[in-house]
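Participant:
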């Protein structure tokens, strides 16, 4: 490596911010493409191009100024990234992986085709099709939008014919698919890293807690049996193995009441369920992603603490950002706070997160949730 | 805390860079004052004022743009900082502490007056005085410059009359003092943090290894007896207690052949001997300093790993910076690399550091030194 290399990131939000913070010690500069100036990543030293993530010309400008290209969000112009990759610029994850992930129905079909265990699903073209699927799935299913959904937007639990109509009203004009409701005892997640040489490292299996379809809490390690853990690791490893390109992948899973593990969704990037790694693992998911996409060897993914719990700091109001109680939160032992520099605050907007470590998951959880309660934002 | 507060740092080098990286997650912006634009801190998002550190008007401009003022180097205009503090701006460490530390002879006198154990020392006004001191100290002593010395500059071991003449030639025009050579079995160091409320936390005692008077290696924890550790902790705690102002203090000590502990020097700031805390402790010295000077509670200073060894990456040539071998270094387990973004490389310039963790100090040391050998800079 001669002198300083630059990593271009599509998106400048909190994931890009934490990638930028992790890139600096390894000697990389960062430039982000984001629709708004003064993004969370730009605040920590990333250069920025202000443009829409679907703007092909802006993506080319980003590529011209970067030695490596990556993403922090999958809702972007994947065709433009494919064209950039075709000219020889290293783009990771691979544009075809991003394109696949963008369409949740295609993602499910792809996983099914590769015999990766997932919940039963069906394409839904119209109201009649939705009703048929609902009957087929035992009158309990999800209707989900195929494109652009994240943080709870684009999911509806369907338990009646009226729910179907409501979903069609809410998601009017959007392509949908149906997924059987599978009763689960836990939601699990795992970060899997693969670098350019094909080296793979798997992080600990964690448990995720969702409210209003938003991830609110992550418990590491997941309190599951050794057999369940092995099954989850094997499945995640296999699923990631089918997706071309380097980088860190966030893999969400269901642990069914019967003890089976199913893949729910895959994010081809650093992920909220991996934030705990900054305090709890030898190598954070952010440093790992930087290593993975720049041709460096991967770091140790094991825990340095017995347990860690991450809770998101979701916005509590719609207002200019004012935070109170940081002092009370930080008075608690082994509590780390990460603020993202976003303004304004919006209800349920991800404004930051807290990670607490501890001797047990229960202790870490008490610390994290107490700390969260001290903060007002 | 309403909205975003700003921390002003005098100096924009690697310590300011790592403070800036630690300030971001807590929601603080940073602005640095540095003689050169594009400083290591500015590269990671700090705003910057380009001016000499003795420029009183520039220090006032820094203070106007900051809610809290701190330093990363003690060679600056302490009188100007005192005037700023007198107007009510929080300046930490206290300007009188900085002023005291700037003059190593005054520092020694201050410690002696407060009955803190140190090596015997003497003021040296001229060649005759130096010769007298040398006789008095058993014909083995150091001659040191009182002001502006760091990283090996300003120290000479005196074992003959010729050495005295050489020192007077080398340090011509500079105020000097003499210090008895005390045979020691180890050099120790410890970071002590005190916040604005007076809360104090002590980090583990570490062993430091110097070459050419530059710190090259830090071993955590120091391999000393429990009694020696207690003595060192107590001494460091007492010494820091005499210095007004909040912040992190780096305290260097000698463990004599007789098992006594003496204070060598105190730095009123984050310190090279505390870099290991980023990987090895719950709270890094950088986050701790940010907490300490902004009125936040202090974090847990205990180790999260059994052992860690830090080695500095010192420049190997005088040339534009080119680094090679980062990939081979990072292939080693539990190795973290921190580059400072400096160019050009100069011989013995601090270009970065490596921290390796491990089950034992010996294992961490093998990893850190192997990693260092892989890197060329």
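Protein chains in written order, with our numbering: chain A, 4 to 380; chain B, 4 to 380. For every residue, glycine included, the Cβ atom is placed at its ideal position computed from N, Cα and C.
May I ask you to list the residues that DSSP assigns as paired with residue 197/B?
Facilitator: In the second chain, residue 197/B corresponds to position 194, counting from 1. According to DSSP, which records beta bridges pairwise, residue 197/B is partnered with 203/B and 250/B.
Participant: DSSP on residue 7/A, reduced to helix/strand/coil?
Facilitator: As a position in the first chain, residue 7/A is number 4, starting the count at 1. Of the three classes helix, strand and coil, the one that applies to residue 7/A here is coil, per DSSP.
Participant: Please determine, among 164/B, 73/B and 77/B, the residue with the shortest C-alpha to C-alpha distance to residue 268/B.
Facilitator: Residue 268/B sits at position 265 when you count from the first residue of the second chain. The candidate whose alpha carbon is nearest that of residue 268/B is 77/B.
Participant: Considering Cα atoms alone, identify which of 277/B, 18/B, 283/B and 67/B is closest to residue 46/B.
Facilitator: Indexing the second chain from 1 puts residue 46/B at position 43. Checked all of 277/B, 18/B, 283/B and 67/B; the closest Cα to residue 46/B is 18/B.
Participant: Around the Cβ of residue 275/A, are there at least 16 other Cβ atoms within 10 angstroms (buried) or fewer (exposed)?
Facilitator: By one-based count along the first chain, residue 275/A stands at place 272. Buried is the call here.
Participant: If you follow the beta strand (DSSP E) that residue 355/B is in, where does it begin and where does it stop?
Facilitator: On the second chain, position 352 is the one that residue 355/B refers to. Note, residue 355/B: beta strand (DSSP E), 353-361.
Participant: Once you ignore the five residues that flank residue 224/B on each side, which residues in its own chain have a CB closer than 6 Å to its CB?
Facilitator: Translated into the one-based positions of the second chain, residue 224/B becomes position 221. Cβ neighbours of residue 224/B beyond the five flanking positions: 207.
Participant: Between the C-alpha atoms of residue 5/B and residue 364/A, what's the straight-line distance to the nearest angstrom?
Facilitator: The sequence position of residue 5/B within the second chain is 2, counting from 1. The sequence position of residue 364/A within the first chain is 361, counting from 1. Because residue 5/B carries a pLDDT of 44, less than 50, the predicted location of this residue cannot be relied on, and no value is offered for it.
Participant: Quick check: residue 304/A and residue 204/A, are their CB atoms within less than 8 Å of each other?
Facilitator: Mapped onto the first chain, residue 304/A falls at position 301. Mapped onto the first chain, residue 204/A falls at position 201. Yes, Cβ-Cβ distance for residue 304/A and residue 204/A is below 8 Å.
Participant: Can you list the beta strand (DSSP E) stretches of 3 or more residues lying completely in the stretch 52-93 of chain A, in chain order?
Facilitator: Complete beta strand (DSSP E) runs here, min 3: 71-74.
Participant: Have a look at 131/A, 130/A and 107/A and flag the residue whose alpha-carbon is nearest the alpha-carbon of residue 122/A.
Facilitator: Counting from one through the first chain, the residue named residue 122/A turns up at place 119. It is 107/A whose Cα lies nearest to the Cα of residue 122/A.
Participant: Pairs of beta-carbons, one from the stretch 160-167 of chain B and one from the stretch 139-146 of chain B, closer than 8 Å: are there three or more?
Facilitator: Taking 8 Å as the limit for Cβ pairs, the verdict is that the stretch 139-146 of chain B does touch the stretch 160-167 of chain B.
Participant: Just the Cα atoms here: how many angstroms apart are residue 133/B and residue 117/B?
Facilitator: The residue labelled residue 133/B in the question sits at position 130 within the second chain. The residue labelled residue 117/B in the question sits at position 114 within the second chain. Taking the straight line from one Cα to the other gives about 25 Å.
Participant: Select from the stretch 17-35 of chain A all residues with a C-beta closer than 7 Å to any C-beta belonging to chain B, and list them in chain order.
Facilitator: Those residues of the stretch 17-35 of chain A that come within reach of chain B (Cβ to Cβ, closer than 7 Å) are 24, 27, 28, 29 and 30.
Participant: What are the start and end residues of the beta strand (DSSP E) that includes residue 126/B?
Facilitator: Position 123 of the second chain, counted from the first residue, corresponds to residue 126/B. First-last of the beta strand (DSSP E) with residue 126/B: 124-127.
Participant: Is there a Cβ of chain A sitting closer than 8 Å to that of residue 326/B, yes or no?
Facilitator: For the purposes of this step, residue 326/B is taken as the residue at position 323 of the second chain. Taking Cβ atoms only, chain A reaches closer than 8 Å to residue 326/B, which makes this a yes.
Participant: Give the single residue among 26/A, 256/A and 167/A whose Cα lies nearest to the Cα of residue 185/A.
Facilitator: What you label residue 185/A is simply residue 182 of the first chain in a count that begins at 1. Comparing Cα-Cα distances from residue 185/A to each of 26/A, 256/A and 167/A, the minimum goes to 256/A.
Participant: Using a Cβ-Cβ distance under 8 Å, would residue 285/B count as near chain A?
Facilitator: Here the question's residue 285/B lines up with position 282 in the second chain. Taking Cβ atoms only, chain A reaches closer than 8 Å to residue 285/B, which makes this a yes.
Participant: Give the C-beta separation of residue 49/A and residue 23/A to the nearest angstrom, bearing in mind that I take them to be a contact with Cβ-Cβ under 8 Å.
Facilitator: What you label residue 49/A is simply residue 46 of the first chain in a count that begins at 1. What you label residue 23/A is simply residue 20 of the first chain in a count that begins at 1. Contact holds; Cβ gap of about 5 Å.
Participant: Output needed in chain order: residues of the stretch 294-327 of chain A with a Cβ under 8 Å from some Cβ in chain B.
Facilitator: Against chain B - using a Cβ distance shorter than 8 Å - the residues of the stretch 294-327 of chain A are 294, 298, 299, 300, 302, 303, 307, 308, 323, 324, 325, 326 and 327.
Participant: Going straight from the alpha carbon of residue 366/B to that of residue 337/B, what length do you get?
Facilitator: In the second chain, residue 366/B corresponds to position 363, counting from 1. In the second chain, residue 337/B corresponds to position 334, counting from 1. Rounded to the nearest angstrom, the two C-alpha atoms are 10 Å apart.
Participant: Who are the Cβ neighbours of residue 65/A in its own chain at under 6 Å, not counting the five residues just before and after it?
Facilitator: Mapped onto the first chain, residue 65/A falls at position 62. Result list for residue 65/A: 11, 36 and 52, in chain order.
Participant: Less than 7 Å between the CB of residue 139/A and some heavy atom of the ligand HEM, yes or no?
Facilitator: With respect to the ligand HEM, the structure offers nothing, as it holds no ligand at all.
Participant: Expressed to the nearest angstrom, what Euclidean distance is found between the alpha-carbon atoms of residue 88/B and residue 283/B?
Facilitator: Position 85 of the second chain, counted from the start, is the residue given in the question as residue 88/B. Position 280 of the second chain, counted from the start, is the residue given in the question as residue 283/B. If you take the alpha carbons of residue 88/B and residue 283/B, they lie about 34 Å apart.
Participant: Can you name, in chain order, every residue of its own chain whose Cβ lies under 6 Å from the Cβ of residue 97/B, other than the five neighbours on each side?
Facilitator: Counting from 1 along the second chain, the entry for residue 97/B is found at position 94. These residues qualify, in order along the chain: 247 and 248.
Participant: Output, in chain order, the set of chain B residues within a Cβ distance shorter than 7 Å of residue 342/A.
Facilitator: Here residue 342/A corresponds to residue number 339 of the first chain, with the count starting at 1. Neighbours of residue 342/A on chain B, chain order: 28, 29 and 30.
Participant: Can you tell me whether residue 139/B is helix, strand or coil according to DSSP?
Facilitator: What you label residue 139/B is simply residue 136 of the second chain in a count that begins at 1. Helix.
Participant: When the cut-off is 8 Å and only beta carbons count, does residue 334/A lie next to chain B?
Facilitator: In the first chain, the residue the question calls residue 334/A occupies position 331. Residue 334/A counts as touching chain B.
Participant: Can you look up residue 217/A in the DSSP assignment and give me helix, strand or coil?
Facilitator: Within the first chain, numbered from 1, the residue matching residue 217/A stands at position 214. Residue state, collapsed to three classes: strand.
Participant: Quick one: list the residues of chain B neighbouring residue 48/A, beta-carbon separation under 7 Å, in chain order.
Facilitator: Here residue 48/A refers to the residue found at position 45 of the first chain. Residues of chain B passing the Cβ test: 46, 47 and 48.
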